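This report concerns only the one structure given below.
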Amino acid sequence: MDVYDFELARVRMVERQIRARGVGDPRVLDAMRRVPRHEFVPEELRHEAYADHPLPIGAGQTISQPYIVAYMTAALAARPGARVLEIGTGSGYQTAVLCAMGLEPFSVELVAPLLERAASTLSRLGCAARLSLGDGHDGLPREAPFDGILVTAAPRRIPEALVDQLAEGGRICIPVGENAQDLVTAVKRDGALRIIDRIPVRFVPLVSPPVPPLKTSVRAAQEALKPWIR
Numbered sequence: 298m299d300v301y302d303f304e305l306a307r308v309r310m311v312e313r314q315i316r317a318r319g320v321g322d323p324r325v326l327d328a329m330r331r332v333p334r335h336e337f338v339p340e341e342l343r344h345e346a347y348a349d350h351p352l353p354i355g356a357g358q359t360i361s362q363p364y365i366v367a368y369m370t371a372a373l374a375a376r377p378g379a380r381v382l383e384i385g386t387g388s389g390y391q392t393a394v395l396c397a398m399g400l401e402p403f404s405v406e407l408v409a410p411l412l413e414r415a416a417s418t419l420s421r422l423g424c425a426a427r428l429s430l431g432d433g434h435d436g437l438p439r440e441a442p443f444d445g446i447l448v449t450a451a452p453r454r455i456p457e458a459l460v461d462q463l464a465e466g467g468r469i470c471i472p473v474g475e476n477a478q479d480l481v482t483a484v485k486r487d488g489a490l491r492i493i494d495r496i497p498v499r500f501v502p503l504v505s506p507p508v509p510p511l512k513t514s515v516r517a518a519q520e521a522l523k524p525w526i527r
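Residue 298 is where the sequence shown starts when you use this note's numbering, and the numbers rise one by one after that.
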């Protein structure tokens, strides 16, 4: 697929997968049109980069379905310049979308090789994000508070550390649960979270050390990913 085809695929992705499902924030739609998603997936899967499902990136992790990336980004309702904590850098694609939105992303990843690869891709594309290696359950206390928090893997419950690091009036968008999961959007009021929206989802779990191995065959990863493809 050549450059023109990738650009056309992005336009179709936005119109058919995102806008058609109700995400109407023009800043989100513009960011999703501009960020080259194919740069963030394994080369052998680039032909599927704009398809309507997640893709494996190694270490048992995924790049999320385009609609979910757009939904979560819009759910934060973050203004330009807002400081956003992302838990789970993964491929770096969500980070790049936050950058394209004019936000200031701080991203935490547990798997060092994934973080290194994401850092290289983001740097090559000119995205200035602050990346850190660490356990996402702990957040990033040295940089708190944050205007928004976005979590790209599912813990059993919302970590208290993340609630503490969210600024008053800020929003968090996070998948919660094990077998049955909800993608919860909540706002912090008077020090506590108030849920404003939830949708059923299926995310990979938010893991703690030790980390899974990075080198997994694409075929094996795709087989493991089947329950997540909707």
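Backbone N, C-alpha and C fix where the C-beta goes; we use that ideal spot for every residue, glycine too.
As the structure is a computational prediction, the values presented were derived from the model and not from experiment.
Self-check item: P456 to D435 span [Cα, whole Å]
Solution: Their backbone Cα atoms lie some 8 Å apart in a straight line.
Self-check item: Cβ separation of M398 and A328, assumed to be a contact under 8 Å, to the nearest whole Å
Solution: Their Cβ separation, rounded to whole angstroms, is 5 Å, which keeps M398 and A328 in contact under 8 Å.
Exercise. Count the other CB atoms, across all protein chains shown, that sit within 10 Å of the CB of I384; report buried if there are 16 or more and exposed otherwise.
Key: Looking at its Cβ environment, which holds 16 or more other Cβ atoms inside 10 Å, I384 is buried.
Quiz prompt | Where the alpha helix (DSSP H) through A342 begins and ends | solution = Per the sequence shown, residue 342 should be read as Leu rather than Ala. Unbroken run through L342: none, as it is neither H nor E.
Quiz item: Could you check where the beta strand (DSSP E) with T392 kicks off and where it finishes?
Solution: That residue, T392, is in no beta strand (DSSP E); its alpha helix (DSSP H) goes Y390 to A397.
Quiz item: Looking only at its own chain, which residues have a Cβ that is under 6 Å from the Cβ of R343, when we skip the five neighbours before and after it?
Solution: Only H335 meet the Cβ criterion.
Practice problem: Below 8 Å on the Cβ atoms is my guess for A356 versus V408; work out the distance and round it to an integer in Å. | Solution: That belief holds up - the Cβ atoms of A356 and V408 are roughly 5 Å apart, short of 8 Å.
Self-check item: Option in R427, G319, P363 and E340 with minimal Cα separation from A306
Solution: Of R427, G319, P363 and E340, the smallest CA-CA separation from A306 is found for P363.
Quiz item: Is L503 near P452, with beta carbons less than 8 Å apart?
Solution: Going by C-beta atoms, L503 is nearer than 8 Å to P452.
Practice problem: Count the other C-beta atoms from every protein chain shown that fall within 10 angstroms of the C-beta of R406, then say buried if there are 16 or more, exposed otherwise. | Solution: For clarity, residue 406 is Glu in the given sequence; the question names Arg instead. With a 10 Å radius around the Cβ and a threshold of 16 neighbouring Cβ atoms, E406 comes out buried.
Practice problem: Can you check the segment 405-479 for any beta strand (DSSP E) of at least 3 residues that lies completely inside it and give the ranges in chain order? | Solution: Correct list: 427-430, 443-448 and 463-474.
Quiz prompt | Inter-stretch contact at 8 Å, needing at least 3 Cβ pairs: the segment 408-428 / the segment 371-386 | solution = Yes: at least three Cβ pairs fall under 8 Å.
Quiz item: Is P402 closer than 8 Å to A426 when the C-beta atoms are compared?
Solution: Contact flag set, yes.
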